[in-house]
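K.L.:
In my numbering, the protein residues as written are 102 to 677.
1) Terminal residues of the continuous beta strand (DSSP E) containing residue 648?
2) Out of 386, 396, 381 and 356, which has the shortest C-alpha to C-alpha gap to residue 372?
3) From 675, 180, 383 and 179, pick the residue whose C-alpha is nearest to that of residue 640; which is it?
4) Using the Cα positions of residue 569 and residue 198, report the straight-line distance between them to the nearest angstrom.
5) Is it the case that the region 118 to 127 contacts the region 179 to 197, given that we only count it when at least three CB pairs across the two stretches are under 8 Å?
6) Give the range of the alpha helix (DSSP H) segment to which residue 619 is assigned.
7) Restricting to Cα atoms, I'd like to know which of 343, 518, 627 and 403 is closest to residue 548.
8) Checking the sheet assignment: what are the DSSP bridge partners for residue 216?
9) Would you give the residue range spanned by the beta strand (DSSP E) that residue 300 belongs to?
10) Would the region 602 to 619 count as touching the region 664 to 673 if we require 3 or more Cβ pairs under 8 Å?
11) List the residues that DSSP assigns as beta-bridge partners of residue 234.
12) Rounded to the nearest angstrom, what separates residue 214 and residue 195 at their Cα positions?
13) Is it right to say residue 271 is buried, meaning 16 or more other beta carbons lie within 10 angstroms of its own, or is it exposed?
14) Closer than 8 Å by C-beta to residue 579: which residues in its own chain qualify, once you throw out the five before and the five after it? Chain order, please.
15) Looking at the strands, I want to know which residues DSSP matches up with residue 517.
16) Alpha carbon to alpha carbon, what distance is there between residue 630 and residue 542?
17) How do the region 264 to 279 and the region 313 to 330 stand: do at least 3 beta-carbon pairs fall below 8 Å, yes or no?
18) What's the gap between the Cα of residue 228 and the Cα of residue 216?
19) Rounding to the nearest angstrom, what Cα-Cα distance links residue 247 and residue 176 in this structure?
20) For residue 354, which residues of its own chain have a beta-carbon under 6 Å away from its beta-carbon, when the five flanking residues on both sides are left out?
21) Is residue 584 helix, strand or coil by DSSP?
22) Based on the DSSP secondary-structure assignment, which residues constitute the bridge partners of residue 265?
23) Is the region 324 to 334 touching the region 284 to 297 in the sense that three or more CB pairs, one from each, lie closer than 8 Å?
24) According to the neighbour-count rule (16 or more other Cβ atoms, all chains shown, within 10 Å of its Cβ), is residue 294 buried or exposed?
25) Taking 7 Å as the threshold (C-beta atoms), are residue 398 and residue 392 in contact?
26) Tell me residue 636's beta-bridge partners as DSSP assigns them.
27) Assuming the contact rule is C-beta atoms closer than 8 Å, residue 301 and residue 158 should be a hit. Round their C-beta distance to whole Å, please.
28) Could you tell me whether the Cβ of residue 641 comes closer than 7 Å to any Cβ of chain D?
29) Would you call the region 516 to 526 and the region 490 to 499 touching, i.e. three or more CB-CB distances under 8 Å?
30) Going by beta carbon distance, what residues of the same chain come within less than 8 Å of residue 342, once the five residues before and after it are set aside?
31) Consult DSSP for residue 114 and reduce its assignment to one of helix, strand or coil.
32) Does the distance from the CB of residue 303 to the CB of residue 336 come in under 7 Å?
33) In its own chain, which residues sit with a C-beta less than 7 Å from the C-beta of residue 375, not counting the 5 before and 5 after it?
34) Put residue 504 into one of helix, strand or coil per three-state DSSP.
35) Measure the CB-CB distance between residue 620 and residue 634 and report whether it falls below 7 Å.
In structure tokens:
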């Protein structure tokens with residue numbers, strides 16, 4: 102707004118109140134929501150019952166709710182304060198508290214009780230702009246009822262010592278997120294007392310770029326546009342796959358700032374954006390796949406190459422010519438004369454040099470491989486073919502040993518380790534895209550139950566340890582201690598899945614159902630940290646192979662591609 106509106110022209114703010122009025126920084130850009138709220142409040146301010154004094158801002162994290170509330174403080178020239186709600190909030194947090202006070206001068210034990218108003222009461226009585234953050238997390242209904250009474254146009258608060266009346270200039274701005282942990286729907290009575298509501302989402306790309314320019318001072322349109330497209334795609338993908346994290350304006354601005362300072366584009370993508378959304382490997386894979394499918398990964402790689410071709414933030418419009426003492430051109434910048442000249446290339450200049458350098462500039466960094474390919478994760482080394490053969494031999498040896506001295510000893514048994522092809526990867530990713538929302542919800546509900554399992558945390562009956570077990574004190578073997586189990590010990594829970602691969606599985610969609618069940622169970626166990634193995638079997642493939650076992654996923658295998666082999670589940674022979 103070009104002019105600051107003082108809602109009550111006759112009102113004089115104190116020095117303390119004037120210091121609480123938010124001052125818009127030069128980087129602040131007015132949004133359509135800010136203009137709309139300003140116009141509505143000004144239009145109805147002196148219309149009695151039609152006065153707008155309670156505003157609701159609902160949207161995702163990073164959509165600018167708090168920034169908008171502060172901007173309204175500057176627009177209306179009202180002191181700004183806020184209160185952040187929490188689950189165990191009680192009425193004393195709204196109405197204030199009566200606390201015992203001992204006099205410093207009086208040495209007696211006389212105790213006086215003084216009333217200390219809450220921040221809500223101060224704003225309510227003095228006519229400030231109050232931001233109420235996240236009232237949806239409050240569990241106590243009595244607290245919400247107190248807020249309901251306060252938000253009435255002519256409302257009041259029944260304090261322990263008096264009744265507080267609502268100041269005519271008091272404006273309440275309620276800000277809340279959507280769909281996060283701890284979120285509850287906003288109380289209907291509280292929502293009904295709102296006179297104006299705004300739904301704040303990720304702004305359009307043009308607005309994102311404009312705000313990033315103002316915040317960071319970075320002016321490259323192509324870079325800002327590409328980073329904005331990436332943020333918007335990640336936000337859309339996270340919503341579609343029920344990923345709880347958010348890719349918003351905060352992530353975008355800090356990512357732009359890092360790129361503007363010369364940091365690699367793709368490595369900062371993880372630290373500024375992706376890891377803020379989630380650190381779960383499965384969820385990261387979904388987000389990475391979305392970037393690849395839309396061609397943004399290649400564009401970011403190209404941008405990295407362009408940025409690194411001008412190290413230390415050098416301007417590509419500036420060329421440096423290094424002339425040695427004998428007047429010859431030198432390509433080695435570190436050996437150039439201190440009197441080297443710098444020439445600026447004009448916009449319409451298309452000239453080029455006929456002199457080529459035999460030495461290329463080393464632009465590799467800790468985030469790049471030897472061939473310049475960006476490194477995104479510290480992954481384990483891929484499993485070699487020799488290791489795969491040794492592991493298959495080990496499985497066959499263990500299988501033969503397991504049937505020795507039994508009625509199955511004469512059965513010819515072979516264990517196979519299927520290989521994953523590119524087609525298997527595509528089929529797996531396509532299948533998991535539809536299953537993942539349900540799997541995530543199961544993981545979310547199951548993880549708390551697994552985290553509170555204490556039966557395996559300590560091993561009892563130890564000669565030494567960190568915990569004394571009183572119930573073992575009567576034992577004569579002195580094993581009265583317990584100690585924590587080291588991480589390498591066997592887990593208390595593991596899952597093994599056996600799949601029938603007989604010919605009858607090809608009927609009535611059984612095979613597709615088995616694949617989906619295997620994939621869903623694998624992803625669920627992986628997400629919960631539960632070891633899982635998936636095996637299939639069939640019989641009578643040949644006289645030399647009377648029993649066939651297919652080891653798709655094994656506890657001891659370290660191959661990350663094992664899960665893709667689940668697409669090789671087939672209806673092979675019989676099940677006798």
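Cβ coordinates follow ideal geometry from the N, Cα and C atoms, glycine included.
P.N.:
According to the data block:
1) 648 to 654
2) 356
3) 675
4) 44 Å
5) yes
6) 611 to 629
7) 627
8) 199
9) 297 to 301
10) yes
11) 185 and 276
12) 19 Å
13) buried
14) 564
15) 651
16) 15 Å
17) no
18) 20 Å
19) 28 Å
20) 313 and 316
21) strand
22) 258
23) no
24) buried
25) yes
26) 599 and 652
27) 6 Å
28) In the structure shown, chain D does not exist; there is a single protein chain.
29) yes
30) 384, 387, 534, 537, 538 and 541
31) coil
32) yes
33) 385 and 388
34) coil
35) no
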